[in-house]
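Below: one structure, written as structure tokens.
Protein chains: 2
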Amino acid sequence: MADAITPRGEDYSKWYIDVVLTAKLADYSPVRGCMIIRPNGYQLWENMQRVLDGMFKETGHENAYFPLFIPESFLAREAEHVEGFAKECAVVTHSRLRVSEDGTGLEPDPDSRLEENLVVRPTSETIIWDSYRKWIQSWRDLPIKINQWANVVRWEMRTRLFLRTMEFLWQEGHTAHATEQEAVDETLLILDLYARFVEDYMAIPVIKGIKTESERFAGAVDTYCIEALMQDGKALQAGTSHFLGQNFAKAFDCTFQNQDNELEHVWATSWGVSTRLIGALVMTHSDDHGLVLPPRLAPTQVVLVPIFRKEEEKSLVLDAADKVRRELSERGIAVRLDDREGQRPGWKFTEHEVQGVPVRLAIGPRDVQNGTVELARRDTRTKETVAADGVVDHVAKTLEDIQQSLFDRAAEFRSEHTTTVDSYDEFKDTLESKGGFVLAHWDGTAETEARIKNETKATIRCLPLQKGDEPGVDMITGKPSSQRVYFARAY
Amino acid sequence: MADAITPRGEDYSKWYIDVVLTAKLADYSPVRGCMIIRPNGYQLWENMQRVLDGMFKETGHENAYFPLFIPESFLAREAEHVEGFAKECAVVTHSRLRVSEDGTGLEPDPDSRLEENLVVRPTSETIIWDSYRKWIQSWRDLPIKINQWANVVRWEMRTRLFLRTMEFLWQEGHTAHATEQEAVDETLLILDLYARFVEDYMAIPVIKGIKTESERFAGAVDTYCIEALMQDGKALQAGTSHFLGQNFAKAFDCTFQNQDNELEHVWATSWGVSTRLIGALVMTHSDDHGLVLPPRLAPTQVVLVPIFRKEEEKSLVLDAADKVRRELSERGIAVRLDDREGQRPGWKFTEHEVQGVPVRLAIGPRDVQNGTVELARRDTRTKETVAADGVVDHVAKTLEDIQQSLFDRAAEFRSEHTTTVDSYDEFKDTLESKGGFVLAHWDGTAETEARIKNETKATIRCLPLQKGDEPGVDMITGKPSSQRVYFARAY
């Protein structure tokens, strides 16, 4: 199994795909660009959903569900939005298939041509704001804070499992507010929530910042983001939170009577994270032996492998293993006793390693005799023998330790791969030699941004919210700059 | 609010839609036939999902996610399947929109015409069995027991919120087995699981049975179902579990090496329930005052309404109400303190009644003085004054009582509306006069079944698994019949 994984040093892209396939997180689908999320991957997504959904509800959001299909004309209502999405969408034109004239296959029945084409939602601002117009009359109807867990489709040409797929799963929040300030506050509240989730659960450190105009969501006034750094030195946008101003309210004529009895357009936000996060998780923590999962999100936190050769050892070992399983389970630890027959312990060890189970316990006849258990950590691949008596406390502590270690290791990697530069030569050298984030001054123009992108493939990931202290001058044009910004090549 | 609801006696169909809209369960969408599931409806669905998902996992099923799009040619592989689904599906033909030639709108870009059309999944047997072919080689790879929570699309002409919509949410289980017996067992296990869920949580009694050939799922060998009876005397199919034999394995060439080293086709099941169940819930329990929810699925089980006129009463009443809220919450009861200002208590009472909250508690200044609380039941619309001291126990008992009462009432209604007949005249009279289930002998032929359907609009809902004792003769043809079957007009 582990042989199926190309080492990172040899081919990082291939390593990534090998890990995803070998750990059975996902598989290719017969439809180009779509993916199959296998049970191992979906359990991870369910755990992520559970935590995020709890955070949304704690902060006053409710879930709802809006239609998959959007009338073509809706997309066209917001000028930037149509620019951003019409060029890559699945268009439904017929409602029926018939046997083709040559009798060999199926074809759309011409009589079922739709009067108006439908687009499979690439995002739901338009269809949701059409409803908000109907639901909102007065300030008393505000705020509306709705989230939706859904599939969306964007017709990407170059796809990669989890990171960029034609169909993906995500959550999209859409809120409506009476004041600009309230909408901005919501945008930032969600940005913080995303950062907390990604850091505390996924163990991935992120930079919070704001996008430049050219990297902004199509239809937003401001796009805030969290940016993470992968092991190959490329950045990955892990979540976005958009302040939409009154753009969609104006496009869909959504007004409300304010407390002074005046008619105003509603203020809006939207925000989302997707199954792309699973890609980020794999890329941040995994190694040449396969997946490495942070304990807080691992579907199986501990696996117990019983070891015996003779039949008379079997019940002895299984009883001891089952006792440990029960104790761990009572402590709320997600434990699995792998008592499958017909597979050798070594084979099981490899499988659980490839699939990223954080802690593996092994119990053999000698362990039963000595009152011990062998504990192996997935992150460090180290083993130790611990007393069976205190094993639950030890495992609980180890899981916490792994969670923290993964974060620390990623934070250290990021810190080693964040370079402050003052000249364009230094900038280009850094990108070539070590990659990672490059902090540089920028004059705030789209021209300079575009030139850098063309010449180096690096984009401005964000203007960090946590500003450095010194103003300076643009490394290319010499024009004034109020703060350094984060550049990187990115996924 | 309640004024917006047409009485059942006047127009049952209109009553149903009024309840759904007024209780804010769902709303119409700009796309014909699609619906918007509003937060009240979606919370209900989340509660249903949580219970069902737990039952699936307890019985060894795992969740996964397969693509939304199915290549046109896949649908055509299974002869009956294509017949059943090709005539009502959304067909994706293009991957891009462009500004139309007259510049007024958008149109599919002809250059983006797909090589092979894609169908938005009406159900996922074909795309899933294409993967199973890749994942299954040996008996060691079996069984596979996967469930998927997803949206599906069937191009229905006549739609009704929840009951029949073009897009709906559902779960679809797809399992693969080494033997016929194991697959049949799985089909029946799920049928029982569905029946338990619908009876124990939704408080709707169901008949378990098997469909006739003409009512079978397109591609199944046997379709098992649970059938419920609505308040207007029409039946509603609440869930189906299909034994698919080797049909899809043959269509997708999915074989495995059995323990005797022979190559065999895999045995299959599929099964699903959908947001249609929410329609069944509304139709079974609700009344002319709005929604009635069974406590085990109600998002809010208890609402607390504080009542005060003067400012000095406010904190007194709110403190007492909050104490009750805390106590109920600690007991695990989903309670909401409705302390919204600017809405009178009477208005709140009506809103919670319309939205079906099972128990309403009201606390005023006199209650605080007397150490009492007013308790109102949604199902019976009765009120009583209870001691604040024992209110938690009393509420817990009342919730259980409501759950049981709703089931008993529905079971009684069904029993009153189940008629055993021996002649076709009696059959037709019963359908006209009181509707409901009609138990009659049938000769087992599709001809007789079709004739009855044409003449009376009644279909055979199922051949019940719990058989009556007596054989008999068909009420029309006089041919022999081994058991009575359930007829009804249906949704």
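As you go down the protein sequences, you meet chains A and B in turn. Per the numbering used here, residue 11 is the first one in the first sequence, and the count goes up by one each step. Per the numbering used here, residue 11 is the first one in the second sequence, and the count goes up by one each step. We put the CB at the ideal spot given by N, CA and C, even for glycine. Computed from a predicted model, the values in this text were never measured in an experiment.
Interface partners of residue i on chain B, CB under 8 Å
i, result
"A/SER105", "GLU98, CYS99, ALA100, VAL101 and TRP165"
"A/ASP151", "Residues of chain B passing the Cβ test: none, with the nearest at roughly 12 Å."
"A/GLY115", "GLU82, SER83 and ALA86"
"A/PRO49", "GLU72, ASN73, ALA74 and ILE156"
Cα-Cα separation, residue i to residue j
i, j, result
"B/ILE217", "B/GLU56", "25 Å"
"B/THR185", "A/GLN53", "18 Å"
"B/VAL162", "B/HIS91", "15 Å"
"B/ARG471", "B/GLY478", "16 Å"
"B/LYS244", "B/VAL431", "17 Å"
"B/ARG506", "A/LEU199", "Chain B is shown only over 11 to 501; residue 506 of chain B falls outside these bounds and no answer can be derived."
"B/THR189", "A/GLY342", "37 Å"
"B/GLU337", "B/GLN256", "55 Å"
"B/PHE207", "B/LEU62", "7 Å"
"A/MET45", "B/GLU182", "18 Å"
"B/TYR234", "B/PHE253", "8 Å"
"A/GLU589", "A/ARG388", "An answer regarding residue 589 of chain A cannot be provided, because it is not within the stretch 11 to 501 covered by chain A."
"A/GLY282", "B/GLY454", "55 Å"
"A/ARG18", "A/ILE27", "11 Å"
"A/ILE180", "A/GLU321", "Going by the sequence as given, residue 180 of chain A is Trp instead of Ile. About 49 Å."
"A/SER433", "A/GLY482", "12 Å"
CB of residue i within 8 Å of CB of residue j, strictly
i, j, result
"B/ARG370", "B/VAL448", "no"
"A/VAL102", "B/ALA100", "yes"
"B/GLY219", "B/PRO474", "yes"
"A/GLY374", "A/VAL334", "no"
"A/GLY446", "A/LEU239", "yes"
"A/GLN365", "A/ALA344", "no"
"A/ILE412", "A/THR458", "no"
"A/ARG424", "A/PRO215", "yes"
"A/ILE288", "A/LEU31", "no"
"B/THR294", "B/LEU203", "no"
Secondary structure of residue i, DSSP reduced to three states
i, result
"B/ILE146", "coil"
"B/GLN181", "strand"
"B/ILE214", "coil"
"B/ALA331", "helix"
"B/GLU363", "helix"
"B/TRP165", "coil"
"A/THR429", "strand"
"B/GLY381", "coil"
"A/LYS75", "According to the sequence as given, residue 75 of chain A is Tyr; it is not Lys. Looking at A/TYR75 - three-state DSSP - the assignment turns out to be strand."
"A/GLN311", "coil"
"A/ASP403", "helix"
"B/GLY113", "coil"
"A/SER284", "strand"
"A/HIS451", "strand"
"B/THR207", "What sits at residue 207 of chain B in the sequence shown is Phe, not Thr. Three-state result, B/PHE207: helix."
"B/ALA230", "coil"
"B/PRO375", "helix"
Closer than 8 Å at the beta carbon, the chain A residues around residue i
i, result
"B/CYS44", "PRO77, LEU78 and PHE79"
"B/ILE317", "Those do not exist, as B/ILE317 stays about 21 Å from chain A at its closest Cβ, beyond 8 Å."
"B/LEU52", "The sequence shown places Tyr at residue 52 of chain B, not Leu. Those are GLU72, ASN73, ALA74 and TYR75, listed as they occur along chain A."
"B/GLU177", "PRO77, LEU78 and PHE79"
Cross-chain neighbours of residue i in chain B, by beta carbon under 7 Å
i, result
"A/ASN127", "PRO118"
Under 9 Å from the C-beta of residue i: neighbouring residues of chain B
i, result
"A/ASP453", "None at all; the shortest Cβ gap to chain B is about 34 Å."
Near the ligand FAD: residue i beta-carbon under 7 Å from a heavy atom
i, result
"A/TRP357", "With respect to the ligand FAD, the structure shown offers nothing to examine, as it has no ligands at all."
Contacts of residue i in chain A (Cβ-Cβ under 9 Å)
i, result
"B/SER39", "PHE76, PRO77, PHE79, ILE137, ASP140 and SER141"
Chain D contact for residue i (CB, 8 Å cutoff)
i, result
"A/GLU182", "This model lacks chain D altogether; the protein chains it does include are A and B."
Listed by chain order, chain A residues near residue i by CB distance under 7 Å
i, result
"B/GLU56", "ASN73"
**Asked** Is the number of C-beta pairs between the stretch 206-224 of chain A and the stretch 263-277 of chain A that are closer than 8 Å three or more?
**Response** no
**Request:** Mind the definition here: the stretch 399-410 of chain B touches the stretch 347-364 of chain B only if three or more C-beta pairs lie below 8 Å; say whether that holds.
**Result:** no
**Prompt:** So does the stretch 300-315 of chain A actually touch the stretch 172-189 of chain A, counting three or more Cβ pairs closer than 8 Å?
**Reply:** no
**Request:** Give a yes or no on contact between the stretch 237-251 of chain B and the stretch 142-162 of chain B, applying the rule of three or more CB pairs nearer than 8 Å.
**Result:** no
**Message:** With a threshold of 8 Å, are at least 3 pairs of Cβ atoms found where one atom belongs to the stretch 131-145 of chain B and the other to the stretch 67-83 of chain B?
**Reply:** yes
**Request:** Taking 8 Å as the threshold, find out whether the stretch 251-265 of chain A comes into contact with the stretch 118-126 of chain A through three or more Cβ pairs.
**Result:** Judged by Cβ distances under 8 Å, the stretch 251-265 of chain A makes no contact with the stretch 118-126 of chain A, as fewer than three pairs qualify.
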